[in-house]
Each structure stands twice: as C-alpha cells, then as structure tokens.
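Residue numbers (this note's numbering), protein chains in the order written: chain L, 1 to 168; chain D, 1 to 153.
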C-alpha cells in the first residue's frame, strides 16, 4: 500500500481534521505551484483555486483509485476546477513544432521563465505548464482539458515559440 | 521538461482557510482542542458531584429488605363497588415514589384466608427508616393496618 493510499484510507475512516492536514501538507505545495502557474502568478487566485480543489477532491475522494498517483489526480481536479472558471479559446493554432526550451541555468533564468509563462495566453499556458513543467503527456492533457491531442500539441508549440521570443 | 520547481509553499494561513471551508461544507470533522476536552471533563466532574450532592440521602440506602404487610382487619373500609381501581392507582403512585429513591422492590396481593391482603417489599437503611416508610403508606387512610418486618432470605 502506498503512503498516499494509506493517507486516503485513514482520512476516509473518520474524515478527521488531523488526517486531512496530513493529506494537505503532502500535496498542497504541488497544487499551489500548478495553480500559481495556471493563474499567471496571481497568488490570491491560486489560493482560491487550491481551496476549491480540495473541496471538490474530498467530495469525490471515494472515487479515487490507486491506479493513478494521488498527486496527478489532485492536479487533474485543480485543472478541472479552473476550467469551470474560465472560457479558454481552444481554437487550433497553426504553429510549427517547436523544440522544448533549454533548461534554466540559474535563478535569474528561472524568474525570467516564470514571468514569460505568466504572460502566455491562457490555453497555451495551461498546456505548457502541464506538459513541460509538470510532466503530463498530451493524452493526459487532452483528457484533463477536454480537447483533442492535436490541440494540446499545437498549443504547446505555440507556447514554446512565444516563450522563445520573449526570453532574453 | 523544464527544471522549474514543481512545488511552492503557500501562505500558512491557507491551510486554516481550507480546513475551515471543509469543516463548513461537512467534509472534515473538526478536531476538538485540548482545552475543549479539559472543559468537557471538568463539566462531567462538576455534574457528577452536583448530582451526588442533590440526591436525597435515603436514595443511597444499601440496608435491608423489608416486607410492608397490609391487613384488612374489621375496621378496614373496603372500596365501594366499582372503585377498586382508584385504590390500586393510589398505592401505585406511592410505590412509584419509593421506586424513585431506590426503595421499592416488588408488590402484590395475597390471596387466601385471613386479613392479610397484600404486601410491598421495600429497601430501607434500618428498622426505623422502614417504619417511617411504612407509616407513609396510604393504606392507613382506609382503616387498614400496616406492619413492617425485616426480611432475611
């Protein structure tokens, strides 16, 4: 049994506050990082997103199955919560395939990249963050965002091109 | 993939905010703080002490069992026809008052020759207490005679 599954079962036994805090502390940093990037660095919006995501997640926690990692499942919940708040323009964007950006080499590079990600259009930002930062596949992104894989791929290319042009 | 950090620590206040929202939504049960436990324990102790103090002393009787015997002698005035149930009701209320203090065990009519018509089995601390209980029996008001004897099994 994984630690996550043990935490989930412990929580479901009594829905106690202590058991929830253990879940919260284990996974909120990842949720918050994702929320921050999806909201372009808006801390207040990111916190709201995290809070609503936990409400949705606990409502549906009994449906969680151990086949997927709890963190991925929670991130999926967060992405869906955000989808409900936004109307993203998912029209196919013609963009040439773009190579991944080179790894950041220092703190300043990372800050520049974070700023550039925050400035991306919503759809491109979502796909870039999920794919290039959090490691989701196009198939997973397509399922999470309710788009076809081709859309995910083209949004990623668009995001990479935009980032390349905006980074020093 | 980029090597940007995949985790970020939110403000500590967010945890409390999220927990409060989940408690309000009925999704998480609030843990009782130790102060609440201490207060609850203190309340139980005070309540128990208060009940003990307020409890009548004769309810703590751990003495003996007594038989309160009801005689229908020549001076006894039987209930008019059709009013027997009223006397039963009066005796039942008396028995209930004894039961409240843990002094009642059982009761019944005695069938057979002779004036002895019924009895109550009661609990009393000593002979004097048993006599006081017997003296309060409403059977007297109808001219009945009441005797009390300690029962030794």
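The C-beta atom is built at its ideal place from N, Cα and C for all residues, glycine as well.
- prompt: Roughly how many whole angstroms lie between the Cα atoms of residue 56 of chain L and residue 77 of chain L?
  reply: 7 Å
message: Please identify the residue among L:15, L:10, L:33, L:28 whose C-alpha is closest to the C-alpha of residue 27 of chain D.
response: L:15
Chain D within 8 Å of residue 119 of chain L, Cβ atoms only: no
query: For residue 163 of chain L versus residue 61 of chain L, is the C-beta distance shorter than 8 Å?
result: no
- prompt: Along chain D, in chain order, which residues have C-beta atoms closer than 8 Å to that of residue 10 of chain L?
  reply: Within chain D, no residue comes near residue 10 of chain L; the closest Cβ sits about 13 Å away, beyond 8 Å.
- prompt: When DSSP labels each residue in this structure, what does residue 72 of chain D get in the three-state scheme?
  reply: coil
field: Proximity winner among L:53, L:37, L:69, relative to residue 123 of chain L (alpha-carbon distances)
entry: L:37
message: Restricting to runs no shorter than 4 residues, where is the alpha helix (DSSP H) found entirely within the segment 78-152 of chain D?
response: 84-100, 127-135
query: In whole angstroms, what separates the C-alpha of residue 25 of chain L from that of residue 54 of chain L?
result: 12 Å
message: Taking the alpha-carbon of residue 105 of chain D as reference, which of D:113, D:114, D:95 has the nearest alpha-carbon?
response: D:95
query: Which whole-angstrom value describes the C-beta separation of residue 115 of chain D and residue 71 of chain D, a residue pair presumed to lie in contact below a C-beta threshold of 8 Å?
result: 5 Å
- prompt: Straight-line CA distance for residue 58 of chain D to residue 101 of chain D?
  reply: Unreliable placement is indicated for residue 58 of chain D, whose pLDDT of 46 sits below 50; the coordinate value is still reported in the next sentence. Computed Cα separation, rounded: 7 Å.
- request: Report the partner residues of residue 128 of chain L according to the DSSP bridge assignment.
  value: BP columns for residue 128 of chain L are empty, so no partner.
query: If we ignore side chains and look at the alpha-carbon of each, how far apart do residue 150 of chain D and residue 83 of chain D end up?
result: 32 Å
message: Please tell me whether residue 65 of chain D has its Cβ less than 8 Å away from any Cβ of chain L.
response: no
message: Less than 8 Å between the C-beta atoms of residue 7 of chain D and residue 30 of chain L, yes or no?
response: yes
Simplified DSSP assignment, three categories, for residue 2 of chain D: coil
- prompt: For the putative contact between residue 35 of chain L and residue 49 of chain L, defined by C-beta atoms under 8 Å, what is the C-beta separation to the nearest angstrom?
  reply: 4 Å
- request: Determine the contact status of residue 22 of chain L and residue 7 of chain L, defining contact as a CB-CB distance below 8 Å.
  value: yes
message: Which of the three DSSP states is assigned to residue 137 of chain L in this structure?
response: coil
message: Excluding the 5 residues flanking residue 73 of chain D on each side, which residues of the same chain have their C-beta closer than 7 Å to its C-beta?
response: 115, 145
message: Only counting the same chain, and skipping five residues up and downstream in sequence, which positions put a Cβ closer than 7 Å to that of residue 153 of chain L?
response: 138
- request: Just the chain L side, please: which residues come within less than 9 Å of residue 100 of chain D by C-beta, in chain order?
  value: Within 9 Å Cβ-Cβ: nothing; residue 100 of chain D doesn't reach chain L, min ~41 Å.
query: Whole alpha helix (DSSP H) runs in the segment 38-78 of chain L with 4 or more residues, listed along the chain?
result: 43-59
query: For residue 164 of chain L, which of helix, strand or coil comes out of DSSP?
result: helix
query: Whose C-beta lies closer than 8 Å to the C-beta of residue 19 of chain L among residues of the same chain, with five residues either side of it excluded?
result: 7, 10, 11, 13
field: Segment limits, alpha helix (DSSP H) that includes residue 147 of chain L
entry: That residue, residue 147 of chain L, is in no alpha helix (DSSP H); it is neither H nor E in DSSP.
task: Name the residue from L:113, L:146, L:82 whose alpha carbon lies nearest to the alpha carbon of residue 132 of chain L.
output: L:113
Contacts that residue 17 of chain L makes with chain D (C-beta to C-beta distance below 7 Å): 19, 28, 29, 30, 31
field: alpha helix (DSSP H) segment containing residue 7 of chain D, residue limits
entry: That residue, residue 7 of chain D, is in no alpha helix (DSSP H); it is neither H nor E in DSSP.
message: Between which residues of its own chain and residue 43 of chain L is the CB-CB distance below 8 Å, once the five residues before and five after are set aside?
response: 36
query: Do we get a CB-CB distance below 8 Å when we pair residue 12 of chain D with the residues of chain L?
result: no
task: Consult DSSP for residue 191 of chain L and reduce its assignment to one of helix, strand or coil.
output: Residue 191 of chain L is absent from the model: chain L starts at 1 and stops at 168.
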